[in-house]
Amino acid sequence: MSELHHMSLLDVLAAFRSRELSPVEYLDHHIARIGAHDGSINAVMDVMEESAAPAARRAAEVYAGAADDEPLPALLGVPLLVKEQHDVEGCSATRGSRARVGQVARADNPIVGRLRGAGAIPFARTTTPELSCATFTQTAEWGVTRNPFSPAYTPGGSSGGSGAAIAAGYGPLATASDIAGSTRIPAAFGGLPGFKSPYGRTPGLAPLSTDWYRGDHVLARSVADTAHATNVIVGPHAGDHATIAPAHVLPTAFAGAAGVAGMRIAVSPDLGCYDVDPEVLDGFGAVVRALADAGAEVVEVDPGLSLDDITDASSAHYGHLLALHMTRVCGGDLDLLEPYSKRFVEYTRDFAERISLLEAADIETRVQAQIAQAMAGCDALLTPTSAIAALEADNAYLEAVERPAGPVDFYWQAHMTIPFNIANRCPVLAVPSGVGPTGVPTSVQIVGHPFDDDTVFTIGAAVEELLPFPRSPLM
685 MSELHHMSLL DVLAAFRSRE LSPVEYLDHH IARIGAHDGS INAVMDVMEE SAAPAARRAA
745 EVYAGAADDE PLPALLGVPL LVKEQHDVEG CSATRGSRAR VGQVARADNP IVGRLRGAGA
805 IPFARTTTPE LSCATFTQTA EWGVTRNPFS PAYTPGGSSG GSGAAIAAGY GPLATASDIA
865 GSTRIPAAFG GLPGFKSPYG RTPGLAPLST DWYRGDHVLA RSVADTAHAT NVIVGPHAGD
925 HATIAPAHVL PTAFAGAAGV AGMRIAVSPD LGCYDVDPEV LDGFGAVVRA LADAGAEVVE
985 VDPGLSLDDI TDASSAHYGH LLALHMTRVC GGDLDLLEPY SKRFVEYTRD FAERISLLEA
1045 ADIETRVQAQ IAQAMAGCDA LLTPTSAIAA LEADNAYLEA VERPAGPVDF YWQAHMTIPF
1105 NIANRCPVLA VPSGVGPTGV PTSVQIVGHP FDDDTVFTIG AAVEELLPFP RSPLM
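Residues in the sequence shown are numbered consecutively from 685, following our numbering.
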């Protein structure tokens, strides 16, 4: 058996079932690993050993008494890392903000409830930026979270603690969310697959569950593991009327490289408007060549997107929704917020004052049409996940960011994720494409036609076989 912290989720479940591995032993291993390594990574803001240990013992008892063919819960005994944004009943719920000091969760978040109901054991919670509003992870409450591949750099955000924890081997599964790339960017910087589901697949909490850019997800170390855990959290939920039926069941067994033979895949290195770092382009090219060698027809396309359109639509959207929510959280006193949170609110609020939600929707419609046209006649679209190869861990990015083709006003503009929150019915799977000279992994996004989730997983599994995903140097 391989080192426990490198085992895939599906292999762990098989080892539990065969009784080669006990859920108690497995949980203890990961708690010890956090204790040994998190002083340098700072991805975990608390460990819930008191409640997790009895749950692991109960799971071990179930496995010990189960017949070989007896159906068991899909994640029985699996230790679960929970992004602090996702409530765990009875635990603090500060979101890393002084404005929420003392708040305690009254109930599990819907996806936490579903994962727990499938037998997963919440045992530790992971760090986020304040109110999940950044693509790096640092707060005054929890400090700076670092990338286990290269600690001078961030693991991304807002699910940065979850991404760093999975990459560091703290557990096989963590929760994540995505409103602007918050699942895909930590996946990219952490050498992981990261799935952004089409809007409506997974439930969220009101009022932000009504935000059509968002979704709640998982992070794991393989494409099959991601599919298996995603199957647990999808489907209609009484508390979220945006969720759709029926629940879509993803495959968890794939043909590997053979799965892309005969597919027609559109590829765009820059979507027509992004200034992409050389190491990101190198990784993108490696994936394109690997898919072509595996029998896919690769078609270069230019969606012709405009960075001004993407910025205007998304910033107005966030200004009308998320920024107002954050302003309400702090009671209108923006000085209670982290400086980067305050800048986000002020930056996006300016757009909302100039661009109505209706006008933003007009721009979104144009972006969606350009993406659809670029994908016409193809099975999927391949493009980088982040144009910028890495972000510094200690930098709050309060000023414009210098780029080779000229500065961008707001650092979010250096990621390539937001177009697919705008085209929000498209499933997107980010997968690793290599490791750059800083030591931080690079990544590509596989974009499917609306609600065609299976295709992006098929292509992702092919990339995983052709270009095996990197493993962090943390031993």
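Built from N, CA and C at the ideal position, the CB exists for glycine as well.
Give a yes or no on contact between the segment 966-980 and the segment 1041-1049, applying the rule of three or more CB pairs nearer than 8 Å.
no
Give me whichever residues DSSP pairs with H921 in a beta bridge.
D924
What do you reckon, are the CB atoms on V1115 and V1128 nearer than 8 Å?
yes
Just mark L1082 as buried or exposed, buried being the case when its beta carbon has 16 or more other beta carbons within 10 Å.
exposed
Could you tell me the boundaries of the beta strand (DSSP E) in which I949 lies?
948-951
Reduced DSSP category for E984 - H, G, I as helix; E, B as strand; rest coil
strand
Along the alpha helix (DSSP H) that carries A997, what are the first and last residues, could you check?
991-1004
What does R809 pair with, by DSSP beta-bridge criteria?
D730, V766
Classify V1124 as helix, strand or coil using the three-state DSSP reduction.
coil
At a cut of 8 Å, does the segment 879-890 reach the segment 827-845 through at least three beta carbon pairs?
no
Per-residue DSSP class, three states only, for P1226
In this structure the chain extends from 685 to 1159, so residue 1226 is not present and cannot be described.
From this set, L955, H714, A851, V918, which residue's C-alpha is nearest P794's C-alpha?
V918
In terms of residues, what are the limits of the beta strand (DSSP E) holding L1066?
1064-1068
Who pairs with Y632 in a beta bridge, going by DSSP?
This structure gives no information on residue 632, because the portion of the chain shown stretches from 685 to 1159.
Local conformation of P1162 per DSSP, three classes:
Any property of residue 1162 remains undetermined from this structure, which presents the chain solely from 685 to 1159.
For D977, the three-state DSSP class (helix, strand or coil)
helix
Burial state of D752 (16 or more Cβ within 10 Å):
exposed
DSSP three-state label for D966, please.
helix
Can you pull the DSSP bridge partners for T1118?
Just to set this straight, residue 1118 is Gly in the shown sequence, not Thr. Bridge partners of G1118: T1126.
Determine the direct distance from the alpha carbon of L694 to that of P813, and round the result to whole angstroms.
30 Å
What did DSSP end up calling D1017 once you bin it into helix, strand or coil?
coil
Measure the Cβ-Cβ separation of S842 and S866 and say whether it is below 8 Å.
yes
Relative to the alpha-carbon of L1008, which residue among D993, P891, P1091, M1059 has its alpha-carbon at the smallest distance?
P891
May I have a chain-ordered list of the alpha helix (DSSP H) segments no shorter than 4 residues that lie completely inside the segment 844-895?
844-851, 868-873
Which one of A980, F1135, Q1097 has the shortest CA to CA distance from L989?
Q1097
Entirely within the segment 1021-1064 and at least 4 residues each: give me those alpha helix (DSSP H) ranges in chain order.
1023-1038, 1041-1059
Quick check on this structure: which residue in A818, E1148, T995 has the alpha carbon closest to the alpha carbon of D1078?
A818
Less than 6 Å between C-beta atoms, sequence neighbours within five positions excluded: which residues of the same chain meet that for Y1095?
Y1081, V1085
Residue-level contact to chain C via CB, R798, 8 Å cutoff:
Absence of chain C from the displayed structure is noted, only one protein chain being present.
Does the segment 975-984 come close enough to the segment 777-793 to have 3 or more Cβ pairs within less than 8 Å?
no
Over the uninterrupted beta strand (DSSP E) stretch that includes H721, give me the two end residues.
Element bounds for H721: not the beta strand (DSSP E) but the alpha helix (DSSP H), 707-725.
Contact under 8 Å by Cβ, L815 with S998
no
Is the distance from the Cβ of T1139 to the Cβ of F938 below 8 Å?
no
Taking three-plus beta-carbon pairs below 8 Å as touching, is the segment 912-927 in contact with the segment 941-961?
no
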